[in-house]
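Here the structure comes first, spelled out in structure tokens, and everything after it is commentary.
Number of protein chains: 2
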Amino acid sequence: MCDRNKDCQPGVCSCRGGKIERFIEPCLLLLLKKNQPAHGYELLDSLQVFGVSGDPGSLYRTLRRLENEGMVTSDWDTSGTGPAKRMYRLLPAGEKLLEHWINHFKAVKQTLDMYIKTYEQVKE
Amino acid sequence: MCDRNKDCQPGVCSCRGGKIERFIEPCLLLLLKKNQPAHGYELLDSLQVFGVSGDPGSLYRTLRRLENEGMVTSDWDTSGTGPAKRMYRLLPAGEKLLEHWINHFKAVKQTLDMYIKTYEQVKE
DNA sequence: TGTTATTATATGTTTAAAACATATAAGGGG
DNA sequence: CCCCTTATATGTTTTAAACATATAATAACA
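Note that the protein sequences, when read in sequence, are chains L and Y. Per numbering that gives the first Met the number 0, residue 0 is the first one in the first sequence, and the count goes up by one each step. Per numbering that gives the first Met the number 0, residue 0 is the first one in the second sequence, and the count goes up by one each step.
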């Protein structure tokens, strides 16, 4: 989102303005709510639905933080082929945090509505 | 916006998640579109309407950046009482950037709608 | 007159999320 | 054996936001 980079397109442009901070967090919480347990690598794909970049660094660090904060738990799944998977599931605190984000997003939507309405009134 | 700080309330909580990055920029552009020319100190008050924090550091640095990028111009107003005011007005590139933000926000709203709808479907 | 408050702009410093880059390891396929 | 895919992890750089402080003009008031 910018007018400084001629290649700027929503979801394509690399400039940082306009993104919702920490958006990866509520996306992970919601994806877990939808489908538990899940491991990081599969969540990485699912995140694309919400337009979140597929950066494993951000993903794994966020999952770690959420676990340290008591929002999710994980245990290793060594069954199956390939490397072991850390399977995550939501904890009650994580469910509450998800609700918190929902309320926050409803407020953000209202602010954006007001912003857009103001623009419509002002543009000649 | 968090569940880690017990005093968390929208617009009150100091934690950073959930905010729109660089939101101060489109707010300044829109406020100038509404009322030109305007100086920093008065824009600082007007920003509150959009829930943007009244930090003069962020404000003046953003105005400077927008000026360097050719989005706004300023000139000093030494008339009147008190210290001189730098009066800002929008340039054509700034008008275009404002439109750009509007389109971006419409896209953000759609993403949030999808997020909320998904939650409503999933919550038991 | 000196002191303090208000208006106004500016810059220095710290913090933390995001972006970017790279490392490690298990197992499958040719 | 070498390479590809799956999977997790960590190191480094960039940058917006938050926090803090500096400067200056004038008004207000004792």
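Don't be surprised by glycine CBs; every beta carbon is placed ideally from N, CA and C.
Problem - Proximal residues to S57(Y) (C-beta, below 7 Å), its chain only, five neighbours per side dropped - result: As a position in the second sequence, residue 57(Y) is number 58, starting the count at 1. Excluding positions up to five away in sequence, the list reads I23.
Exercise for the section: Put M86(L) into one of helix, strand or coil per three-state DSSP. Expected result: Reading the first sequence from its first residue, position 87 is the one you call residue 86(L). M86(L): strand per DSSP, three-state reduction.
Problem - Contact with chain L by C12(Y), beta-carbon distance below 7 Å - result: Within the second sequence, the letter at position 13 stands for residue 12(Y). Because C12(Y) carries a pLDDT of 49, less than 50, the predicted location of this residue cannot be relied on, and the following value inherits that uncertainty. Taking Cβ atoms only, chain L never reaches closer than 7 Å to C12(Y), which makes this a no.
Handout entry: Endpoints, alpha helix (DSSP H) assigned at T61(L)
Key = Position 62 of the first sequence, counted from the first residue, corresponds to residue 61(L). Run containing T61(L): P55 to N67, per the alpha helix (DSSP H) assignment.
Practice task
Say whether chain Y places a C-beta atom closer than 7 Å to the C-beta of R21(L).
Solution key: By 1-based counting over the first sequence, the position of residue 21(L) is 22. Yes, contact with chain Y.
Handout entry: is_contact[G16(Y), chain L] using C-beta, thresh 7 Å
Key = Here residue 16(Y) refers to the residue found at position 17 of the second sequence. Yes, G16(Y) counts as interfacial toward chain L.
Practice task
Can you tell me which of P91(L), V48(L) and F104(L) puts its alpha carbon nearest to the alpha carbon of E20(L)?
Solution key: Looking up residue 20(L) in the first sequence gives position 21. Among P91(L), V48(L) and F104(L), the Cα nearest to that of E20(L) is on F104(L).
Exercise for the section: Identify each residue in the region 41-52 of chain L for which the Cβ-Cβ distance to at least one residue of chain Y is less than 7 Å, and report them in chain order. Expected result: Listed by position, the residues of the region 41-52 of chain L near chain Y (Cβ gap below 7 Å) are F49 and G50.
Practice task
Could you pull out every residue in the same chain whose Cβ sits closer than 6 Å to the Cβ of P25(Y), ignoring the five residues on either side in sequence?
Solution key: To locate residue 25(Y), count along the second sequence from 1; it is residue 26. Contacts found: W100.
Practice task
Note down, in chain order, every chain Y residue with its Cβ under 7 Å from the Cβ of Y87(L).
Solution key: What you label residue 87(L) is simply residue 88 of the first sequence in a count that begins at 1. From the beta-carbon of Y87(L), no residue of chain Y is found nearer than 7 Å; the closest lies around 16 Å away.
Exercise for the section: List the endpoints of the continuous alpha helix (DSSP H) containing T110(L). Expected result: On the first sequence, position 111 is the one that residue 110(L) refers to. First-last of the alpha helix (DSSP H) with T110(L): P91 to V121.
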